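Chains as they are written, first to last, in this note's numbering: chain A, 1 to 214; chain B, 1001 to 1282. Just so it is clear, CB atoms sit at the ideal spot from N, CA and C, and this is done for glycine as well. Nothing here was measured: the structure is a model prediction, and the numbers come from that model.
What follows is the structure, encoded as structure tokens:
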């Protein structure tokens, strides 16, 4: 599995400049962006960078490369396990970088109460990103790059539509109140839900890979 | 080293059903026209497809009992698949070092330099020939006992092809190694392989030692009248021609001795392929 992790790391490293640019943008937004979007923007960037895990799946599939990869001394289960580990490592790594940037910059720009309010949103976005990956990885493995990507974003679109409806129906304030009142419980439940989703997603992905032919 | 016992794979419009064996210290070729089932057989051996029946045995073990450690003893080069084109050779080295305990880094890098393969260029930017060379070098880089090479010389010029074939010959010098190879370039196989399997429409139609194939097989060119009066017991295939028939025999000597008036030619692997696929079974 270490060999596969090195492979994905090398693919990531070859995109190094792109990641440095994104981190610079994050710093600039934290420094000069409006307060309303501060927390959201960096979380959105984490989301954008976590998409790289799906890109590694595309790179592996590119030019029928999966056939060669699976002829190496690795099992299909190990391949899936590596992808999930890499996804966790990558998402959490980027989230931590952006969180620390925000923490540093917000402590300069805002009062500690305001900073805390913004930063509290951050774990929620992390949970949402992990949730997105939980359904996207099996979809990419099953339907491969283009179709998988379209389906992933289709589901994301439906989710966004749901949020839009909540806002339009004037339920946002009620939702925010629930979130504020039972924040610790919601964070705990989200963490459990995300880990559970990730675990279920992993098992589904293993089944998909074991059935697949190359 | 490798045994395929009546393996079956059913697709909607194609069925593979074949048995073959690659003994120790042997280079075995799998030949056949496009779509004959060569790649399907290779995929079955590598576990890339699920077979519907039969058994695959590698290193004396059933395929399902192979451990990742056993798989380090296999080197693979597939004609239409390889490492991601976004990687460089320099990126691949640590990957192979991790995956194969016997990866010979120095030798691999030296061979890359010898073939002018840049370590810092993305594989996507390599020419077809460079990619083909890299695939063979990768397969041979970790002291594998069995090489499975699907069209390894595709895209190579004559000089590079000969260099690759020499590398394969050199590879076989240290014993206990075997190669299963497929190629469209029959001249490569004639000077390299010990035995050959001919596959057509998913079935093995012929298995012969390469020496026997080149020495004993022959093409007879006969008129219709000659065909009707001749001994047909040692003929394998018949193909209609303008002058009469061309006939494939597995016992050229018999006809040379008993019917010296016939036109008898030595046959190449290409001619055997043509006769086996286009000819009528006798």
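N-terminal and C-terminal residue of the alpha helix (DSSP H) that residue i is part of
i	result
residue 61 of chain A	52 to 61
residue 1114 of chain B	1105 to 1114
residue 17 of chain A	16 to 32
residue 1037 of chain B	Residue 1037 of chain B -> no alpha helix (DSSP H), and no H or E assigned at all.
residue 1126 of chain B	Note, residue 1126 of chain B: premise wrong, no alpha helix (DSSP H); not H, not E.
residue 1161 of chain B	1158 to 1171
residue 1228 of chain B	1224 to 1229
residue 1277 of chain B	1269 to 1278
Separation of residue j from residue i, as counted between CA atoms
i	j	result
residue 1278 of chain B	residue 1006 of chain B	25 angstroms
residue 1121 of chain B	residue 186 of chain A	49 angstroms
residue 1149 of chain B	residue 93 of chain A	40 angstroms
residue 199 of chain A	residue 132 of chain A	13 angstroms
residue 1051 of chain B	residue 1009 of chain B	5 angstroms
residue 62 of chain A	residue 1076 of chain B	18 angstroms
residue 1112 of chain B	residue 1137 of chain B	8 angstroms
residue 66 of chain A	residue 1210 of chain B	34 angstroms
residue 1345 of chain B	residue 1088 of chain B	No statement about residue 1345 of chain B is possible, as the shown extent of chain B runs from 1001 to 1282 and does not include it.
residue 1014 of chain B	residue 1166 of chain B	36 angstroms
residue 1245 of chain B	residue 1035 of chain B	27 angstroms
residue 1131 of chain B	residue 1184 of chain B	18 angstroms
residue 1107 of chain B	residue 1140 of chain B	10 angstroms
residue 69 of chain A	residue 106 of chain A	45 angstroms
Delimiting residues of the beta strand (DSSP E) encompassing residue i
i	result
residue 1206 of chain B	1203 to 1209
residue 1197 of chain B	1195 to 1200
residue 1024 of chain B	Neither: residue 1024 of chain B is in no beta strand (DSSP E) and is coded neither H nor E.
CB contact below 8 angstroms: residue i versus chain A
i	result
residue 1146 of chain B	no
residue 1071 of chain B	yes
residue 1134 of chain B	no
residue 1040 of chain B	no
residue 967 of chain B	Because chain B in this structure spans residues 1001 to 1282, residue 967 of chain B falls outside the shown range and cannot be described.
residue 1081 of chain B	yes
residue 1054 of chain B	no
residue 1046 of chain B	yes
residue 1061 of chain B	no
residue 1153 of chain B	no
residue 1099 of chain B	yes
Whether residue i touches residue j by CB criterion (8 angstroms)
i	j	result
residue 1073 of chain B	residue 1146 of chain B	yes
residue 1161 of chain B	residue 1188 of chain B	yes
residue 1198 of chain B	residue 1276 of chain B	yes
residue 1178 of chain B	residue 1024 of chain B	yes
residue 130 of chain A	residue 194 of chain A	yes
residue 101 of chain A	residue 30 of chain A	yes
Which listed residue (the options) has its alpha carbon closest to that of residue i
i	options	result
residue 1223 of chain B	B/1263, B/1209 and B/1035	B/1263
residue 1091 of chain B	A/203, A/10, A/156 and A/1	A/10
residue 60 of chain A	A/154, A/8, A/211 and A/96	A/8
residue 2 of chain A	B/1214, B/1071 and B/1095	B/1095
residue 1267 of chain B	B/1044, B/1251 and B/1086	B/1251
residue 49 of chain A	A/21, A/68, A/211 and A/154	A/21
residue 1226 of chain B	B/1207, B/1202, B/1214 and B/1255	B/1255
residue 108 of chain A	A/86, A/128 and A/27	A/27
residue 1026 of chain B	B/1239, B/1219 and B/1193	B/1193
residue 1257 of chain B	B/1123, B/1272, B/1231 and B/1099	B/1231
residue 1032 of chain B	B/1206, B/1216, B/1133 and B/1235	B/1206
Interface flag, residue i vs chain B, CB-CB below 8 angstroms
i	result
residue 67 of chain A	yes
residue 59 of chain A	yes
residue 215 of chain A	With chain A covering 1 to 214 only, the question about residue 215 of chain A has no answer from this structure.
residue 74 of chain A	yes
residue 187 of chain A	no
residue 70 of chain A	yes
residue 2 of chain A	yes
Residue-level contact to chain E via CB, residue i, 8 angstroms cutoff
i	result
residue 62 of chain A	Among the protein chains in the structure shown, which are A and B, there is no chain E.
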